[in-house]
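Notes to accompany the following structure.
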Amino acid sequence: MNTKPKLRVGILINRLEVQAWVYQMLELIQASDYAAIELVVINASPVPESNRTLREKLQNNAGRIGYLAVRSLLDRLHDIIADGTNAVDAADARVDASALLAGIPSITVNPEQTRFSDYFPDEDVASIRSADLDVIIRIGFRILRGDILHCARAGVWSFHHGDNRVNRGGPAGFWEVMESWPVTGSVLQVLSEDMDNGLVLERTWTRTNINGISDTRSKVLWKSLAFIPRNLRRLHQLGANDFLRNAALENGAPELYSAPLYKQPENGRFFWLLCRKALEKLLKGMASRFYTEQWQLLYQFGSELSTTIYRFKAIDSPGRRNWADPTVITHAAEFYIFFEDFIGDGPGHLSVIKLNPNGEISEPETVLKTDHHLSYPFIFRHEDEYYMVPESMATGNISLYRCTKFPDQWEFHSHLMQDIVASDSTLHFHNGKWWLFTCIAQREHFSASDELYLFYADDFRSAEWTPHPLNPIVSDVRSARPAGRVLQLMGKLYRPSQISAPSYGYGLNLNEILVMNETEYHEVRVSSATPDWQRDVVGLHTLSYEPGLTVIDARFRKRKWSWLRYLGF
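Plus 42 on top of the position in the sequence shown (first one is 1) and you've got the working numbering.
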């Protein structure tokens, strides 16, 4: 049981009606055993122009009717061209938080306003200081300046929904979509006088939906709501001094920022962006009519890990079948490659082929087929028995199978975890413990490629896995998702991972694991591979190695009609 006093938290909001993601974040704080909201600070200043109704905008901008009319038309075009149907619930839907915050002391502040910034009056700063707060969370107001930044022991925490290394300003998700950036970032930071350049407490990156601003924004908002509870828990465990010291060490050296301050574009710039986005969608739609894509396996023999991909030989998948997610196993001095086998968008099953050193390939045999999708056959040997953990995300379980007759007969053993949306679970034995890497989607319709979680147990057959205290240990769509078994090479550990942006299965990384124990985890990317070695290759995302053979998969672009080759496509 937690015996430490709860952290005292203050929140800065514009009104008691908050966005849905904010409401859920406040719920998590109030339900926790490490923090409680002790003060609500409400903004008494006029509603920002961006939040006004059309009628209010017209009344306050009588001299700009033409501009607003054009803007309204552009906004409508924007909805059609660059804001498709949401795959997730709208994170910015309004929710009344009056009942949730009832009984909590509150004050109303009318800040002194400059063009962009808010300064709190001295008497309000004194009232907030008297609340003896550990943290202030900024949800409302504008850019904060002055003494309010120093009214809590751990400072004022604020989100920047964008990667502040490449994008300062806003609006959230707008420029990432309109300029087709592969990823959209989000940052939790301790505010300083330097806009969007405070002490960073946590970062995340998710794949940009280049056809949906609202969808991209909602995904980033939902993901980032977990930042505050996670960091409040760590602050509660460490205390303010150690927490801020650790954060400062993790921030490392100062970073220069040379991009512009992003803001809502003027009408001319907005129109040009919409034209470019419309052309991009048109060309992409035309390409889908002429081309299809197919996953194939590639291999190279050699005693060491093969790293020069253009030298790999392809194994043509028969017909329209896709072969992906390879795992190579050496059994009785012969190589067996297990893989996901599927056609089009149909459900996958698991198959195996035998590859001889002379390049002869056996006919594929079905290994495991169920009424749900299967992929990523992670196979390992323990005490002269083979075990497999296939991806079975559709079932909501991480399941373990045991081989009864190699290579094609397997039986269900147990569930390692249940009621979880997890992808590409990967086991590794290290320093007397079994470690389980898996990507978890925390919300319905969310990507299972963004956040990597780590668990450990004494026995891999356990149903009781201890979560690592730093979970998620990676929060980046470009490096989180596992891409094969952990490799031990020259005394070092390397974790292959997928690059899942700008598209799923775009490339893979090798990440060196520097520290892995019950309290620490740290990895660094040391190498990456992207589909650059051949014109018709558009992706790769799995690596498997056994001494003597390296196998990967690659996604090939195929012509739908043979006459295209005569036109040089």
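Where is the CB? At the ideal position from N, CA and C, for every residue including glycine.
Fair warning: this is a prediction, and the values are worked out from it, not measured in the lab.
Neighbour flag for residue 313 against chain D, beta carbons, 9 Å: Reference to chain D is not applicable here, since this structure consists of a single protein chain.
With H, G and I counted as helix, E and B as strand and the rest as coil, what does DSSP make of residue 610? Because residue 610 carries a pLDDT of 43, less than 50, the predicted location of this residue cannot be relied on, and the following value inherits that uncertainty. Correct three-state label for residue 610: coil.
Going by beta-carbon coordinates alone, are residue 406 and residue 417 separated by less than 9 Å? A distance of 9 Å or more separates the beta carbons of residue 406 and residue 417.
How about residue 459 and residue 420: are their beta carbons less than 9 Å apart? No, Cβ-Cβ distance for residue 459 and residue 420 is not below 9 Å.
Is residue 517 near residue 492, with beta carbons less than 9 Å apart? The answer is yes: Cβ separation under 9 Å.
Can you tell me whether residue 60 is buried or exposed, with buried defined as 16 or more other CB within 10 angstroms of its CB? It counts as buried.
Assuming residue 255 is part of the alpha helix (DSSP H), what are its boundary residues? Unbroken alpha helix (DSSP H) run through residue 255: 255 to 266.
What does the alpha-carbon distance come out to for the pair residue 355 and residue 338? A direct Cα-Cα distance of roughly 10 Å separates residue 355 from residue 338.
Tell me whether residue 430 is buried or exposed, calling it buried when 16 or more other Cβ atoms sit within 10 Å of its Cβ. Taking every protein chain shown into account, the CB of residue 430 has 16 or more other CB atoms within 10 angstroms, so this residue is buried.
Per-residue DSSP class, three states only, for residue 460: Strand.
Let's see if you can read the secondary structure: which residues bound the alpha helix (DSSP H) around residue 502? Counting along the chain, residue 502 falls outside any alpha helix (DSSP H), and DSSP gives it neither H nor E.
Stretch pair the stretch 459 to 473 + the stretch 510 to 529: three plus CB contacts closer than 8 Å: They touch, by the three-pair rule.
Who are the near neighbours of residue 606 in its chain, counting only those whose CB is closer than 7 Å to its CB and skipping five residues on each side? For residue 606, the pLDDT reaches just 45, beneath the cut-off of 50, and the residue's location in the model is therefore unreliable, although a value from the coordinates is still provided. The residues 332, in chain order, have a CB closer than 7 Å to that of residue 606 in the same chain once the five nearest residues on each side in sequence are set aside.
On a CA-only basis, which of 372, 457, 408, 362 is nearest residue 381? Give me that one, please. If we check each option's Cα against that of residue 381, 408 comes out closest.
Buried or exposed (CB count within 10 angstroms, at least 16 for buried), residue 402: With fewer than 16 neighbouring CB atoms inside 10 Å of its own CB, residue 402 falls in the exposed class.
Does DSSP classify residue 66 as helix, strand or coil? Reduced to three states, the DSSP call for residue 66 is helix.
Using alpha carbons as the reference points, say which of 461, 483, 550, 170 lies closest to residue 81. Ranked by how close their Cα comes to the Cα of residue 81, the residues 461, 483, 550, 170 have 170 in first place.
Where the alpha helix (DSSP H) through residue 590 begins and ends: Counting along the chain, residue 590 falls outside any alpha helix (DSSP H), though it belongs to the beta strand (DSSP E) covering 590 to 601.
So, residue 228 versus residue 245, is the Cβ gap smaller than 9 Å? Yes; because the gap between Cβ atoms is below 9 Å, this pair is in contact.
When the Cα atoms are used, what is the spatial distance from residue 449 to residue 312? Rounded to whole angstroms, the gap between the alpha carbons of residue 449 and residue 312 is 58 Å.
So, does the stretch 56 to 73 touch the stretch 153 to 168, judging by three or more C-beta pairs under 8 Å? No contact exists between the stretch 56 to 73 and the stretch 153 to 168.
Straight-line Cα distance separating residue 472 from residue 122: A direct Cα-to-Cα measurement between residue 122 and residue 472 gives close to 52 Å.
With DSSP collapsed to three states, give me the class of residue 416. Looking at residue 416 - three-state DSSP - the assignment turns out to be coil, as it is neither helix nor strand.
Just the Cα atoms here: how many angstroms apart are residue 183 and residue 150? Residue 183 and residue 150 have their alpha carbons spaced roughly 12 Å apart.
Assuming residue 68 contacts residue 79 (C-beta within less than 8 Å), just tell me the rounded distance between them. About 7 Å separates the beta carbon of residue 68 from that of residue 79, a gap short enough to meet the 8 Å contact definition.
Residue 81, enclosing alpha helix (DSSP H) - first and last residue: Not the alpha helix (DSSP H): residue 81 falls in the beta strand (DSSP E), residues 77 to 85.
Out of curiosity, what's the CA-to-CA distance linking residue 279 and residue 197? Using only the alpha carbons, I get a separation of about 17 Å.
Quick one: give me the first and last residue of the alpha helix (DSSP H) that residue 216 is part of. DSSP places residue 216 in the uninterrupted alpha helix (DSSP H) bounded by 216 to 220.
Could you check where the alpha helix (DSSP H) with residue 51 kicks off and where it finishes? Per DSSP, residue 51 belongs to no alpha helix (DSSP H); it is in the beta strand (DSSP E), 49 to 55.
Less than 9 Å between the beta carbons of residue 206 and residue 242, yes or no? Yes, they are a contact pair.
If we count the other Cβ atoms within 10 Å of its Cβ and call it buried at 16 or more, is residue 477 buried or exposed? Residue 477 should be labelled buried.
Quick check on the burial criterion: 16 or more other C-beta atoms within 10 angstroms. Buried or exposed for residue 219? For residue 219, the number of other beta carbons within 10 angstroms of its own is at least 16, and it is reported as buried.
What three-state label does DSSP hand residue 532 in the structure shown? In this structure, DSSP gives residue 532 a state outside helix and strand, which the three-state scheme calls coil.
How close, in whole Å, do the beta carbons of residue 592 and residue 348 come, if the pair is a contact with beta carbons under 8 Å? Right, their Cβ atoms sit about 4 Å apart.
Inter-residue CB distance, residue 455 and residue 437 (contact presumed, cutoff 8 Å): Not quite, the Cβ-Cβ distance comes to about 15 Å (not below 8 Å), so this is no contact.
On the three-pair Cβ rule with 8 Å, is the stretch 557 to 573 touching the stretch 304 to 323? In short, these stretches do not touch, since the Cβ pair count stays below three.
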